[in-house]
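Notes for the one structure printed next.
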Amino acid sequence: MSSWREVHAFSQPLVMTGAPDEIVVSTPMRFANIIRVNATGEREVVSMRCGFAGKGDANPARPKHMHARSETVDRLPTFANVFAHGRGILVVHTFNEGEELPNGKTKQWFITPQRWQADRHRRHLREMDEWIGAA
């Protein structure tokens, strides 16, 4: 488990600096820019795609889409090692959640934080910076 100081140091700076046409739209099974710690312990941004290739897959470069649940990701053999040693951060502006309906279809909910929520989060980070600085 990381301390708040380590999480804060790892995530700085997470600011959108590009023009709107430079922003990458990342969707499942496409490449996305991921912040991770490399083998030497340095933070880096790399292009990655979510998923695992199956043992008998004809094209291992095209992994299968899969979901890991937070309550089992650290225990299931499929995910445990990757969760312990291969995690990264995907910074997003919006995300979606699927709601399974009784008819078998999935309704998509798109979540975009409101401006006041982002401002509140920035205020919280500033307060944490001040608290860390005082420690």
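Residue numbers for the sequence shown follow our numbering, beginning at 949 and rising by one. Ideal Cβ positions, reconstructed from N, Cα and C, are used throughout, including at glycine.
Using DSSP with H/G/I as helix, E/B as strand and the rest coil, what is residue i?
i	result
Ala980	strand
Phe1027	coil
Val1021	coil
Val1040	coil
Val985	strand
Ala1083	For Ala1083, the predicted model reports a pLDDT of 48, less than 50, meaning its position is unreliable; a value from the coordinates is still stated below. Looking at Ala1083 - three-state DSSP - the assignment turns out to be coil, as it is neither helix nor strand.
Phe1058	strand
Glu954	helix
Suppose the cutoff is 8 angstroms on Cβ atoms and the five residues either side in sequence are ignored; what does the same chain contact list for residue i look like?
i	result
Met977	Arg997, Cys998, Gly999, Pro1011, His1013
Ile982	Val993, Val994, Ser995, Met996, Gly1036, Ile1037, Leu1038
Leu1024	Ala1016
Arg1074	none
Val1021	Phe1027, Ala1028, Phe1031
Run through the DSSP bridge pairs and tell me what residue i is partnered with.
i	result
Glu990	Paired residues: none, contrary to the question.
Gly1046	Gln1056
From this set, the options, which residue's C-alpha is nearest residue i's C-alpha?
i	options	result
Arg908	Ile1059, Asn986, Gly1004, Lys1055	Outside the shown range of the chain (949 to 1083) lies residue 908, about which nothing can therefore be said.
Phe1043	Thr988, Pro1008, Val973	Val973
Val1040	Gly1004, Glu990, Thr1060, Ser1018	Thr1060
Phe1031	Arg984, Val955, Arg953, Phe979	Arg984
Phe979	Arg991, Ala1009, Val955, Lys1003	Ala1009
Sorted by chain position, which residues of the same chain lie with C-beta nearer than 6 angstroms to residue i's C-beta, five sequence neighbours on each side aside?
i	result
Ala1006	none
Can you give me the Cβ contacts of residue i inside the same chain, cut-off strictly under 7 angstroms, excluding the 5 residues immediately before and after it?
i	result
Trp1057	Asn1044, Glu1045, Glu1047
Ala1001	Pro1008, Pro1011
Glu954	none
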